[in-house]
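Since the structure comes first, as structure tokens, the remarks are kept for the end.
Have a look at this one:
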């Protein structure tokens, strides 16, 4: 999916919502455990209930890999099912290794599974990221400033020579690896006030913003500091939507929570004259 197509999809759906399919056998409704593939049954119900108001879906790969071969089959079935809808798909895999290994990771997610994007850790440098950038109309989403508590351990360390924090160095340096047509960045919603400074470095890139909902991030703050003229935001909510109910009405409740976010997003898009 190109940047132009992604922006058009945001305008059509009046939404920049991403739903994280962090599907855990220990948390899905008990009645689904009788299904042949409980993980896929849960995902399918969530997708059916929300795809018309959702821009993107983001399976966290760990939830599938932890189940071995069965989990990978569930992931394949999920991404194949999503292919019939107008949605942007993100493999939240957080890969990043030496070049030849990264090339295989890229093949796995872009060729075999046909995801539109994959999250990548930039710590090992350009040769660990470049294999992902070799695919036309595919996206690399680099980890820049994450929403977890441990982000303070390294990401905010200041370089005394440049007076820039490590995540800012990542933004500056990686800007030479790709461009706003094939690279996005992860910026946590719990650090929304820092988006203003981030936009000074990367004004045109899309940002994948986790942390809205269960982690306490504010959509209003994210929009205030991070939205640009093409929206430039993909805001993720996982637990606050998919686990809103543990009963048989889980899909309907998920839709209601997703709809509340989408309606807020629509208003922001209208306020910014994007739709």
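Residue numbers (my numbering): 256 to 530. The C-beta atom is built at its ideal place from N, Cα and C for all residues, glycine as well.
- In this structure, DSSP gives residue 313 an extended state, which the three-state scheme calls strand.
- Between residue 349 and residue 311, the CB-CB gap reaches or exceeds 8 Å.
- Taking the Cα positions, residue 343 is about 27 Å away from residue 379.
- Cβ neighbours of residue 258 within its own chain (closer than 7 Å, five residues either side excluded): 435 and 436.
- Residue burial is scored here from C-beta neighbours: residue 403 has fewer than 16 other C-beta atoms within 10 angstroms and is therefore classed as exposed.
- For residue 439, the enclosing beta strand (DSSP E) begins and ends at 438-442.
- Using a Cβ distance threshold of 8 Å, residue 458 and residue 444 do not count as a contacting pair.
- Here the alpha carbon of residue 303 sits roughly 27 Å from the alpha carbon of residue 485.
- In this model, residue 450 and residue 399 are separated by some 11 Å (Cα to Cα).
- Counting only the Cα atoms, residue 394 lies some 12 Å from residue 462.
- Close CB contacts of residue 353 within its chain, under the 8 Å cut and outside five residues either way in sequence, are with 379, 382 and 383 (chain order).
- Under DSSP, the beta-bridge partners assigned to residue 488 are 462.
- When 423, 319, 313 and 263 are compared, the shortest CA-CA separation from residue 292 is found for 319.
- Cβ neighbours of residue 365 within its own chain (closer than 6 Å, five residues either side excluded): 390 and 393.
- DSSP places residue 308 outside any beta strand (DSSP E), giving it a letter other than H or E.
- One Cα belongs to residue 512, the other to residue 264, and the distance between them is close to 21 Å.
- Unbroken alpha helix (DSSP H) runs of no fewer than 4 residues, entirely contained in the region 332-365, are found at 354-361, following chain order.
- Cα atoms of residue 267 and residue 530: separation of roughly 8 Å, rounded to the nearest angstrom.
- In the same chain as residue 297, and ignoring 5 residues on each side of it, the C-beta atoms closer than 6 Å to its own belong to 278, 283 and 287, in chain order.
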